């Protein structure tokens with residue numbers, strides 16, 4: 085059967101699952117802190133709109149540039165060692181932000197973001213497939229939901245942790261060094277602890293070409309990864325997913341201003357509803373997948389939720405349109421974690437390389453918001469973008485979700501003989 089693969093025995097699964105869950109927690113913690121402080125640093129550096137976009141490009145371009153090398157590293161040294169290396173790269177990128185702040189250097193800031201992106205690319209290329217392969221394929225989405233809960237929980241805790249050291253309402257450039265030093269130290273310590281952690285290696289079915297028991301897998305007769313159409317479609321689906329995941333977070337503040345007026349109080353408050361929706365979705369997946377609903381059917385269902393929410397954003401008015409944009413976070417929660425296992429199943433000896441291709445799909449988080457910005461400028465007729473301008477640009481959600489739905493229904497099943 086296509087979905088059979090190596091997996092750890094159930095009684096040995098708990099400790100590795102908790103260890104990896106803690107890793108996702110730490111990553112969310114790091115993202116929460118850096119995401120909160122980076123805007124202060126951008127303001128201090130007096131970045132233009134173009135330079136701000138270059139900061140986004142620096143992060144996401146790392147996934148494209150380092151996606152293939154990340155897969156090579158994972159294949160050479162294994163999942164665990166790759167995670168260790170990723171922690172140290174993330175730490176190096178984090179510590180580089182300190183001199184960029186002290187010197188008010190935009191080039192060093194870009195280099196720090198790019199370095200952090202490389203670390204994240206390697207971490208994604210090792211963590212996501214590891215969680216997928218560490219247990220039964222049918223419950224991979226449920227395990228990834230648990231990881232999502234840990235990640236988003238830490239994402240909220242990060243700024244709370246900062247409050248122990250900083251006055252968050254009055255952050256100055258001179259205050260930024262200590263938090264980044266602390267996070268760097270945490271990442272280094274985690275890298276060292278990870279080296280000694282009892283985290284066994286896992287392999288996909290057919291990954292060991294010399295094991296005659298698994299010589300008849302789908303991948304065994306293939307000479308290159310491009311002969312795996314379901315993976316290529318999965319990469320494209322993941323590209324669209326990261327794009328539609330990024331758009332609500334990136335645009336909801338300005339959309340709220342367009343809906344309620346530029347003088348609306350605390351438009352930033354609407355941002356929190358997007359990850360809250362994702363948090364709820366992760367809990368849903370953890371409870372019902374695969375016992376009540378399969379991961380492929382969950383992907384279909386939540387893609388339909390995404391389409392419904394997108395149409396609500398486009399056609400409703402007032403608060404309902406803004407809350408519908410936040411509701412897209414709920415739909416996206418299961419979409420991302422369900423695409424991974426469906427895309428990398430049956431890759432056999434190409435599993436680690438396939439994971440690196442999936443990582444490159446993360447660049448969708450830069451491409452779709454960029455296209456959205458072009459559409460906003462195209463539709464804008466006055467000095468300020470209106471709700472109609474935004475709703476016209478939000479049509480970009482529809483083709484993205486339609487392709488994901490195609491992957492969920494037909495694309496993941498395609499195999500080339």
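Residue numbers (our numbering): 85 to 501. Ideal Cβ placement from N, Cα and C applies to all residues, glycine included. Because the structure is a prediction, the values reported are computed rather than measured.
Quick check: the Cα distance between residue 415 and residue 129, rounded to an integer number of angstroms?
So the alpha carbons of these two residues sit roughly 36 Å apart.
Can you tell me which of 380, 323, 478, 499 puts its alpha carbon nearest to the alpha carbon of residue 462?
478
Assign residue 325 to one of two classes, buried (16 or more other C-beta atoms within 10 Å of its C-beta) or exposed (fewer than that).
buried
Going by beta-carbon coordinates alone, are residue 242 and residue 417 separated by less than 8 Å?
no
Determine the closest residue to residue 334 out of 432, 343, 354, with distance taken between C-alpha atoms.
Minimum Cα distance to residue 334 is reached at 354.
From the DSSP output, in three-state form, read off residue 374 for me.
coil
Taking the continuous alpha helix (DSSP H) assigned at residue 479, which residues delimit it?
Unbroken run through residue 479: none, as it is neither H nor E.
Residue 408 by DSSP, collapsed to three states: which one?
helix
Buried or exposed (CB count within 10 angstroms, at least 16 for buried), residue 156
exposed
Once DSSP output is grouped into helix, strand and coil, what is the label at residue 401?
coil
Less than 8 Å between the C-beta atoms of residue 150 and residue 196, yes or no?
no
Can you tell me whether DSSP reads residue 494 as helix, strand or coil?
coil
heavy atom of the ligand MN below 7 Å from residue 325 C-beta:
Absent from the structure shown: the ligand MN. Ligands present: none.
Check whether the Cβ atoms of residue 379 and residue 431 lie closer than 8 Å to each other.
no
Taking the beta carbon of residue 212 as the centre, do at least 16 other beta carbons fall within 10 Å, making it buried, or is it exposed?
buried
Which of helix, strand or coil DSSP assigns to residue 186:
helix
State buried or exposed for residue 187, treating a residue as buried only when at least 16 other CB atoms are found within 10 Å of its CB.
exposed
Between which two residues does the alpha helix (DSSP H) containing residue 314 stretch?
313-344
Would you check if there are 3 or more beta carbon pairs closer than 8 Å linking the segment 261-271 to the segment 174-181?
yes
Stretch pair the segment 212-230 + the segment 364-384: three plus CB contacts closer than 8 Å
yes
So, with DSSP's three-state summary, where would you put residue 281?
coil
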